[in-house]
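Engineer:
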Amino acid sequence: MSCLGGLKSLLITSRAADSIVESIPIDPRLTSAHFNLDLITQTFIVCLSCHHLYPYLPSDSPANCDEPFTLQCTNWRAAESAVCGTLLWIQHNLGGGHSRFIPVWKYMHQGLKSWLGCLVSRKGMEDILESEPFELPSPEAPVDDILHSKLFQELKGPSNEPFFPVPPREGRLVFSLSVDSFNPFHNKTAKQTVSSMGIWLVVLNLAQHLHYLLENMYPVGVIPADKPSTEDIYPYLELVIPELLDLWIPGVMFSWMAREPHRRLFKVMLIPMVCDMLAARQVIGLGSVTSHNFCTCCDLDIDDIDVFNRDEWPAKDLAHIRHFTHLWRDAESEKCREQIFVASGI
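Under this note's numbering, the first residue of the sequence shown carries the number 47, and numbering increases by one thereafter.
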């Protein structure tokens, strides 16, 4: 508040235009409301062992709870697994004989629907989305945008109808998924051991120079602790999956747009995944690049890695993949899951 008041006093001293001076609010809450900075987010407590997520509110605390409070993680990976038991809260000494409980680690998630509503209702965004051509280029012309490729032009919607071109008064968006690890402390020295993981979506309908602007990218979340291993990434991805399914069928109707106050239905598709091979294999549930299922595109065995004829590369079988993922999910013990994973690579 003092900064805004000081700025206003400086402008008065410098004899700035009255309209400019009067437009500066003294209350910073009015400023944040003007820039729509009040995001709709949900905070979770993270178990650092199994990465199970527990909803968290600032009022949550063992001291504020009349009933027995869960200080430890009560999750178990499989039916026959032991309860995790990792501490979720630690007691922080405030001095003077006072203390309070604080979460060991927290994770913040922003809802996809609310973020998308802010994006598409932004002034000028409807014009930008509608300006992208959806006609296929000639076979001889180079494809300079993935959205204009033959594969994307032939995408099918929920009812097997063409996803493009966009029907009148509707919006059709295609997202890509990216997952990558990074050092939050920017340590450039060798053998750095700190590694967090970021997950984000990119709107491919925008012009290429707008794809990776921060205001146009959806941050699924940043996993604060060391990057999760194997299946531990799934609790974070599962937060956004239900919203993606709703945006696919039946879609989401936004009641107000910037160009004119009318309703508009948006449907969303998630394809492709854009990340390095290690992250891609973790997201889709495959083993290491040296396992028998070494390829993310086909079912060629690593013993046949010297087969260079593409016609001899067996295509992945979706029914086969679903079968083993269901076996792994429903396994009674972690040992059984490991046996399924070793045998199938899934």
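Just so you know, even glycine gets a beta-carbon here, dropped at the ideal spot from N, CA and C.
Which residues does DSSP pair with residue 159 in a beta bridge?
Structural biologist: None, per the DSSP bridge assignment.
Engineer: Can you tell me whether residue 328 is buried or exposed? The criterion is at least 16 other CB atoms within 10 Å of its CB, across all chains shown.
Structural biologist: The residue in question, residue 328, is buried, as its Cβ has 16 or more Cβ neighbours within 10 Å.
Engineer: What do you reckon, are the CB atoms on residue 150 and residue 161 nearer than 8 Å?
Structural biologist: No, the Cβ-Cβ distance between residue 150 and residue 161 is not below 8 Å.
Engineer: Between the alpha carbons of residue 346 and residue 100, how many angstroms are there, rounded?
Structural biologist: Their Cα atoms are separated by approximately 40 Å.
Engineer: For residue 139, which residues in the same chain have their Cβ closer than 6 Å to its Cβ, ignoring the five residues on either side in sequence?
Structural biologist: Cβ neighbours of residue 139 beyond the five flanking positions: 145.
Engineer: Give the range of the beta strand (DSSP E) segment to which residue 315 is assigned.
Structural biologist: Element bounds for residue 315: 310-319.
Engineer: Rounded to a whole number of angstroms, what is the C-alpha to C-alpha distance between residue 373 and residue 386?
Structural biologist: Distance between the alpha carbons of residue 373 and residue 386 is about 7 Å.
Engineer: With a Cβ-Cβ cutoff of 8 Å, do residue 243 and residue 273 count as a contact?
Structural biologist: Against a cut-off of 8 Å, the Cβ pair of residue 273 and residue 243 comes out as a contact.
Engineer: Under 7 Å Cβ to Cβ from residue 360, same chain only, skipping five residues before and after it: list those, please.
Structural biologist: Answer for residue 360: 344, 345, 346, listed in chain order.
Engineer: Spatial neighbours of residue 158 within its chain, please: CB distance less than 6 Å, with the 5 preceding and 5 following residues excluded, ordered by chain position.
Structural biologist: Answer for residue 158: 286, 289, listed in chain order.
Engineer: Alpha carbon to alpha carbon, how far is residue 304 from residue 255? Give it in angstroms, no decimals.
Structural biologist: Roughly 22 Å between the two C-alpha positions.
Engineer: Out of 299, 311, 169, point me to the one whose CA is closest to residue 216's CA.
Structural biologist: Per the Cα distances, 311.
Engineer: State the beta-bridge partners of residue 148 as determined by DSSP.
Structural biologist: Residue 148 is bridged to 136.
Engineer: Ordered along the chain, which non-local residues of its own chain (more than five positions away) have a Cβ less than 8 Å from that of residue 208?
Structural biologist: Hits under 8 Å: 200, 201, 202.
Engineer: Apart from the five residues on each side of it in sequence, which residues of its chain come closer than 7 Å, Cβ to Cβ, to residue 251?
Structural biologist: Same-chain partners within the cutoff: 175, 178, 193, 219, 220.
Engineer: Threshold first: 3 residues or longer. Then list the beta strand (DSSP E) segments lying entirely within the region 234-287, N to C.
Structural biologist: If we require 3 residues or more, the beta strand (DSSP E) runs fully inside the region 234-287 come out as 242-249, 263-269.
Engineer: Spatial neighbours of residue 338 within its chain, please: C-beta separation below 8 Å, excluding the five flanking residues on both sides.
Structural biologist: 347, 348, 349, 391, listed in sequence order.
Engineer: Under DSSP, the alpha helix (DSSP H) around residue 173 begins and ends at which residues?
Structural biologist: 171-177 is the extent of the alpha helix (DSSP H) around residue 173.
Engineer: Cutting at 7 Å between CB atoms, please list the residues of its own chain near residue 326, excluding the five before and the five after it.
Structural biologist: Cβ within range, chain order: 319, 342.
Engineer: Considering only residues of the same chain and omitting the five flanking positions on each side of residue 127, which have a CB-CB separation below 7 Å?
Structural biologist: So the list reads 379, 380, once near-sequence residues are dropped.
Engineer: Thinking C-beta only, is residue 294 closer than 8 Å to residue 315?
Structural biologist: Yes.
Engineer: Can the beta-carbon of residue 269 be found closer than 8 Å to that of residue 153?
Structural biologist: For residue 269 and residue 153, yes; Cβs fall inside 8 Å.
Engineer: Taking residue 222 and residue 248 to be in contact with their CB atoms under 8 Å, please state how far apart those CB atoms are, rounded to whole angstroms.
Structural biologist: Residue 222 to residue 248, Cβ: 5 Å. Contact.
Engineer: Which residue from 282, 276, 92, 367 puts its Cα closest to that of residue 334?
Structural biologist: Nearest C-alpha to residue 334: 276.
Engineer: Report all residues from its chain with a CB closer than 7 Å to the CB of residue 377; omit the five preceding and five following residues, and keep chain order.
Structural biologist: 124, 383, 386, listed in sequence order.
Engineer: With 16 as the cutoff for other CB atoms within 10 Å, does residue 241 come out buried or exposed?
Structural biologist: Exposed, by the Cβ-count rule.
Engineer: Count the other C-beta atoms from every protein chain shown that fall within 10 angstroms of the C-beta of residue 205, then say buried if there are 16 or more, exposed otherwise.
Structural biologist: With fewer than 16 Cβ atoms within 10 Å of its Cβ, residue 205 is classed as exposed.
Engineer: Could you work out which residue in 299, 389, 302, 90 is closest to residue 155 when comparing CA atoms only?
Structural biologist: It is 90 whose Cα lies nearest to the Cα of residue 155.
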